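Going by this note's numbering, 54 is the number at position 51 of the sequence shown; the sequence numbering is gapless.
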Amino acid sequence: MLHPLILAVLAADLAAVALVVAAAIVALRVLLHWRPESADAEQLRLERRREVAVWQAGVAALLFASASIAAIVAVASALPALVPGAMCGTGVLEAMGGAGGRAILLRVLALGSLGALLLVDGLDRTAPRAPLAEVSARTLLIAAALVPIAAWSTWSAFLQLDVHHAVDCCAAVYDPVAERGTGLFASVDDSVWLGATVVSTLVVVASAARLAARPDARRWPVVLGSGGPLLAIAAGGALVRVLSAYRYGVLAHHCPWCLFLAEHGRVGYPLLLALWLVGAEGVAAWLATAIGERHAGLAPAARRRTRRAAVVALAGVLGYLVLAVGPALLWRWRHGTWLG
């Protein structure tokens, strides 16, 4: 496959892997030889190398995130034209077998590890003695393991893409509806998705508002850290099972990839961003608070990061409500009934 978007994903992934592996070599040396109380030449040299490694990891995170966006654009908009019978990303993933889904999951995990690394390094830079140097090194080693695996999984999925045999997007979407209990989205009742979304939204809004006002409040970071990912999952299920119908104008079309198409305003991209912000920033608030409690010198910076995470999570919830729930309310106002 020599499509320009696929080549762009490959190039960015290769650059990210090279940078994160190079940074991981320094991280390993930090774990073996780091002596912050020493001022000898070896320690000073290691500190300089660590600063370069942190910069390399930041660039790798930017490249890998850009490649992930490009991969979504390729699956949603470019590759359906190459797969016979594909109308959206659902047909592309069907043509990849199970490799496409695994690649997406691994990229999410790799992005999460890179995000944790950036958070730890961001807090570490606020203290002159770098108390999180070894924690940052361990986090970097985890990212260095996940990023190459995710990149290879993505490339393998593209290589497995079958452009010679026709797929049936509609069958992939409607068969689970006809055969209730097949698949994650089909096996859970719509009311469960909606109920879980409402409850988790209230939990996230309450905890994020509390932390935005008082970032040193106890227990609330744990609530937001667990509620954010739960809301992202529940809201995603509710979007696919119930709320997307108000965008499509038809029932039982449980296809998330059609939301990325131009005829539906490419609303899938901001919705995906909103759900990512809710889940990732919820975890970030908990992680920043935990670091601040363990390292008193980092507490002010940790509180600022917790407040920022709470505000961003609230923005993500608001974006989801406007883009996903708004069309349903507008439909109800215009037609006097719900789709169902």
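In this text, a Cβ means the ideal position worked out from N, Cα and C, and glycines have one as well.
From a predicted model like this one, the values you see are computed outputs, not experimental measurements.
Three-state secondary structure (DSSP) of residue i
{"i": "Thr-93", "result": "helix"}
{"i": "Ala-102", "result": "helix"}
{"i": "Leu-114", "result": "helix"}
{"i": "His-36", "result": "helix"}
{"i": "Arg-217", "result": "coil"}
{"i": "Ser-41", "result": "coil"}
{"i": "Asp-171", "result": "coil"}
{"i": "Gly-268", "result": "coil"}
{"i": "Pro-259", "result": "coil"}
{"i": "Val-86", "result": "coil"}
{"i": "Asp-16", "result": "helix"}
{"i": "Thr-429", "result": "Coverage of the chain is limited to positions 4 through 343, which leaves residue 429 absent and any answer about it impossible."}
{"i": "Gln-59", "result": "helix"}
{"i": "Leu-5", "result": "coil"}
{"i": "Arg-307", "result": "helix"}
{"i": "Pro-131", "result": "coil"}
{"i": "Asp-192", "result": "coil"}
{"i": "His-338", "result": "helix"}
{"i": "Leu-254", "result": "coil"}
{"i": "Gln-163", "result": "coil"}
{"i": "Ser-247", "result": "coil"}
Residues of its chain near residue i, where Cβ-Cβ distance is below 8 Å and the 5 sequence neighbours each way are ignored
{"i": "Glu-45", "result": "His-36"}
{"i": "Val-24", "result": "Ala-147, Pro-151"}
Residue closest to residue i, alpha-carbon to alpha-carbon, out of the options
{"i": "Ala-209", "options": "Ala-293, Gly-228, Leu-264", "result": "Gly-228"}
{"i": "Ala-15", "options": "Val-286, Ile-72, Ile-28", "result": "Ile-72"}
{"i": "Ala-302", "options": "Trp-58, Ala-26, Leu-164, Ala-130", "result": "Ala-130"}
{"i": "Ala-216", "options": "Leu-8, Thr-93, Arg-306", "result": "Arg-306"}
{"i": "Asp-219", "options": "Asp-165, Trp-289, Val-270", "result": "Trp-289"}
{"i": "Thr-309", "options": "Ala-63, Leu-85, Leu-122", "result": "Leu-122"}
{"i": "Ala-113", "options": "Val-95, Ala-146, Val-270", "result": "Ala-146"}
{"i": "Ala-313", "options": "Gly-88, Pro-224, Leu-108", "result": "Pro-224"}
{"i": "Ser-203", "options": "Ala-238, Asp-193, Val-191, Ala-212", "result": "Ala-238"}
{"i": "Val-62", "options": "Arg-105, Trp-260, Leu-120", "result": "Leu-120"}
{"i": "Leu-144", "options": "Met-90, Gly-252, Gly-100, Ala-26", "result": "Ala-26"}
{"i": "Ala-81", "options": "Ala-56, Leu-126, Leu-65, Leu-5", "result": "Leu-5"}
{"i": "Gly-103", "options": "Phe-161, Asp-192, Arg-128, Gln-59", "result": "Phe-161"}
{"i": "Ile-9", "options": "Arg-38, Leu-164, Ala-277, Leu-324", "result": "Leu-164"}
{"i": "Ala-84", "options": "Val-166, Ala-248, Leu-342, Gly-339", "result": "Val-166"}
{"i": "Ala-21", "options": "Met-90, Leu-149, Thr-93, Gly-92", "result": "Leu-149"}
Residues near residue i in its chain [Cβ-Cβ closer than 6 Å; skip 5 each side]
{"i": "His-298", "result": "Pro-134"}
{"i": "Leu-246", "result": "Ala-327, Ala-331"}
{"i": "Ala-70", "result": "Val-12, Ala-15, Asp-16"}
{"i": "Gly-271", "result": "Leu-262, Phe-263"}
{"i": "Ala-287", "result": "Leu-122, Ala-312"}
For residue j and residue i, believed in contact at Cβ under 8 Å, the rounded distance
{"i": "Gly-231", "j": "Val-195", "result": "About 19 Å; that fails the 8 Å criterion."}
{"i": "Gly-1", "j": "Ala-265", "result": "Because the chain here runs from 4 to 343, residue 1 falls outside it and cannot be looked at."}
{"i": "Arg-244", "j": "His-256", "result": "Actually they are not in contact, since the Cβ atoms of Arg-244 and His-256 sit about 11 Å apart, beyond 8 Å."}
{"i": "Thr-200", "j": "Ala-74", "result": "With 8 Å as the limit, Thr-200 and Ala-74 do not qualify as a contact, their Cβ atoms being about 27 Å apart."}
{"i": "Leu-109", "j": "Ala-79", "result": "Leu-109 to Ala-79, Cβ: 18 Å. No contact."}
{"i": "Gly-88", "j": "Ala-169", "result": "4 Å"}
{"i": "Ala-64", "j": "Leu-126", "result": "Incorrect: roughly 16 Å between the Cβ atoms, too far for contact."}
Proximal residues to residue i (C-beta, below 7 Å), its chain only, five neighbours per side dropped
{"i": "Leu-197", "result": "Ala-241, Val-245"}
{"i": "Val-33", "result": "Leu-49, Arg-53, Ala-136, Glu-137, Ala-140"}
{"i": "Ala-211", "result": "Leu-227, Ala-313, Ala-316, Leu-317"}
Residue i: CB within 7 Å of a non-hydrogen atom of the ligand FMN
{"i": "Ala-26", "result": "Absent from the structure shown: the ligand FMN. Ligands present: none."}
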